[in-house]
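**Q**
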Amino acid sequence: MKVFISSIGMITATADQPEVHASMIAEPQPRPDSRSYSLLDFKPAPYMTDKRMLKSVSRVDAIGLAAIENLRKAAALVPGAHSPARFGLYVGAPPASPLSNENYFDAMRAAIAAAPQSAEKAFGGTVMSARPTTLLTGLPNNVLCYASMLLDAKAGNSNYTSGEASGQLAVLQAARRIKRERLDAAVAGGFSGHHEDVIMGMLRYNGFLKQADASAKRFAIDPAVSDGTVVAEGSVFMLLENERAMTARGGKPIAEFIDGVTTTSATGPLLADFHMAPAKAGLTITIANAGIRADQVGLVFLAQSGVTALDKAERQLTTELFATNTAVATTARVWGNLMEAGGLGETALIDTLYKAGSVPDQLAVPSARSTIDRTKPYVVISRPSIFGDWTFLVLKRV
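The structure is reproduced here in structure tokens:
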């Protein structure tokens, strides 16, 4: 059973449409620091069909819902386009932000500050100022819930909170269910929104963020200056369909999903298996199971997120599996590290890059091949995580 990616909804600080992202790759906008990758000022209301949903979701959830709405409109997904019982939704989500429950934190702080005999009264008096839906806005599966209603998707709906692997993991699971003929179609992808102070503080404390002096420059794909990532906010969702469903809907393929894999060394934050053993074994087996050869891969997208050892491991893996015969690209300088939404938007660039026949300077990886051999139609998108997870998508240009 063939599975095709037939539409993409994408929102980043760069643009709000996949085709705009593709057209801007040749001339990306300057990014002076990590704030340029923020969607803190994003206004989701213009994207939403049912604006009432925005009353019960967080700022970050709204980013995810807006991209799904963009996808729904781009694909002209009207009610009944797919049977609800054969239409799934798979979401890669970030953990809920503590700020979503800030009113309750205020109440707990008031209770702690009060005398023991007055703690309950202090909590009750303060918590009354919170909206009744405050706790609901903090649920990590809000986008899954509300988007399933928007799409009328009632089969195989799943939510993943697995860090940077989340979005690709959602796509892998959706595509596999379609291949097994459990579904006709699914929307799958991920969203992120980490630019709130408390989360950025935790990332900075754990040594994950690029230092201020380095992030003041354009995001550099260079081990000499890469020592931490530039966190970006955004959302990318795909419509995956079997050929029959896509044709019946009048859709056209962007790329064919071939296979994918997720591996883990389960080492913990910033202790990832930089020797790549699980990742190399997983990708090697996946390519073999897909019935293709490594020398048929014409383009590899690397994350190159800025964690120096992990970036070097990615490059080494590419060289070992594909020699120097495959073009290598990264969107890190242009989009930053999209975290849970990462490793997905690259799909929108495949046709543009193959038509151009080369990787533009803005996407180039130092010392890697930039010329694309158009006779090699397969594309690999790599997505490593500082937590030891590593996912790959194997696609085919159509």
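For the sequence shown, this note's numbering assigns the number 169 to the initial residue and increments by one for each residue that follows.
Just so you know, even glycine gets a beta-carbon here, dropped at the ideal spot from N, CA and C.
1. Report yes if the CB atom of D557 is closer than 8 Å to the CB atom of A333, and no otherwise.
2. Taking all protein chains shown into account, do 16 or more other C-beta atoms lie within 10 angstroms of the C-beta of S473, making it buried, or fewer, making it exposed?
3. What does the Cβ neighbour count give for A380, buried or exposed, with the cut at 16 atoms within 10 Å?
4. Where does F425 fall in DSSP's three states?
5. Going straight from the alpha carbon of K385 to that of K289, what length do you get?
6. Which class does L318 belong to by DSSP, given the choice of helix, strand or coil?
7. Roughly how many angstroms lie between the CA atoms of A400 and A283, to the nearest whole one?
8. Assign H443 to buried or exposed, taking buried as 16 or more other Cβ atoms, counted over all protein chains shown, within 10 Å of its Cβ.
9. Can you check which of these residues, P252, V562, A445, G510, is closest to A261 by C-alpha distance?
10. Could you pull the DSSP bridge partners for Y522 from this structure?
11. Given 8 Å as the limit, is there contact between the stretch 176–193 and the stretch 408–416, that is, 3 or more CB pairs closer than that?
12. Pull the bridge partners of R565 from the DSSP assignment, please.
13. Check the DSSP bridge columns for T397 and list the partner residues they point to.
14. Check S286 in the structure and name its three-state DSSP category.
15. Do you know how far the Cα of A213 is from the Cα of K219?
16. Under a Cβ-count criterion, where at least 16 other Cβ atoms within 10 Å of its own Cβ denotes burial, should I280 be classed as buried or exposed?
17. Since A423 and K523 are thought to touch, with beta carbons under 8 Å apart, how far apart are those beta carbons, to the nearest angstrom?
18. What is the DSSP secondary structure of S383, counted as helix, strand or coil?
19. What are the boundary residues of the alpha helix (DSSP H) that includes S204?
20. If you run the structure through DSSP and keep just helix, strand and coil, what is M368?
21. Can you find at least 3 beta carbon pairs, one from the stretch 342–359 and one from the stretch 524–538, that sit closer than 8 Å?
**A** So, from the listed chains and residues:
1. Here residue 557 is taken as the residue at index 389 of the sequence shown, counted from 1. Here residue 333 is taken as the residue at index 165 of the sequence shown, counted from 1. Yes, Cβ-Cβ distance for D557 and A333 is below 8 Å.
2. The sequence position of residue 473 within the sequence shown is 305, counting from 1. It counts as buried.
3. For this step, residue 380 is matched to residue 212 along the sequence shown. Residue placement at A380 cannot be trusted, given a pLDDT of 48 that sits under 50; what the coordinates show is reported in the next sentence. Exposed, since its Cβ has fewer than 16 Cβ neighbours within 10 Å.
4. As a first step, residue 425 must be located in the sequence shown, where it is residue number 257. In the structure shown, the three-state DSSP call for F425 is strand.
5. Position 217 of the sequence shown holds residue 385. Position 121 of the sequence shown holds residue 289. Residue placement at K385 is flagged as unreliable, the pLDDT there being 41, under the threshold of 50; the coordinate-derived value follows with that caveat. Spanning the two alpha carbons is a distance of roughly 51 Å.
6. Position 150 of the sequence shown, counted from the start, is the residue given in the question as residue 318. Of the three classes helix, strand and coil, the one that applies to L318 here is helix, per DSSP.
7. The residue given as residue 400 occupies position 232 in the sequence shown. The residue given as residue 283 occupies position 115 in the sequence shown. Going by the C-alpha atoms only, they are around 43 Å apart.
8. Sequence index remark: in the sequence shown, residue 443 carries index 275 (1-based). It is exposed - the Cβ of H443 has fewer than 16 other Cβ atoms within 10 Å.
9. Sequence index remark: in the sequence shown, residue 261 carries index 93 (1-based). Of the candidates P252, V562, A445, G510, the one whose C-alpha sits nearest the C-alpha of A261 is G510.
10. The residue you call residue 522 lines up with position 354 of the sequence shown. Bridge pairing for Y522: absent [DSSP].
11. Judged by Cβ distances under 8 Å, the stretch 176–193 makes no contact with the stretch 408–416, as fewer than three pairs qualify.
12. Mapped onto the sequence shown, residue 565 falls at position 397. R565 pairs with A423.
13. Residue mapping note: residue 397 aligns to position 229 of the sequence shown, counting from 1. According to DSSP, which records beta bridges pairwise, T397 is partnered with L377.
14. Counting from 1 along the sequence shown, the entry for residue 286 is found at position 118. DSSP places S286 in helix when its eight states are reduced to three.
15. Counted from its first residue, the sequence shown places residue 219 at position 51. Counted from its first residue, the sequence shown places residue 213 at position 45. K219 and A213: Cα-Cα distance of roughly 6 Å.
16. Residue mapping note: residue 280 aligns to position 112 of the sequence shown, counting from 1. Its Cβ having fewer than 16 others within 10 Å, I280 is exposed.
17. Position 255 of the sequence shown, counted from the start, is the residue given in the question as residue 423. Position 355 of the sequence shown, counted from the start, is the residue given in the question as residue 523. At roughly 14 Å, the Cβ-Cβ gap does not stay under 8 Å, so A423 and K523 are not in contact.
18. Position 215 of the sequence shown holds residue 383. Here S383 scores only 41 on pLDDT, less than 50, and its place in the model is too uncertain to base an answer on.
19. Reading the sequence shown from its first residue, position 36 is the one you call residue 204. If you look at S204, you'll find it isn't in any alpha helix (DSSP H); DSSP assigns it neither H nor E.
20. Counting from 1 along the sequence shown, the entry for residue 368 is found at position 200. Of the three classes helix, strand and coil, the one that applies to M368 here is helix, per DSSP.
21. They do not touch, by the three-pair rule.
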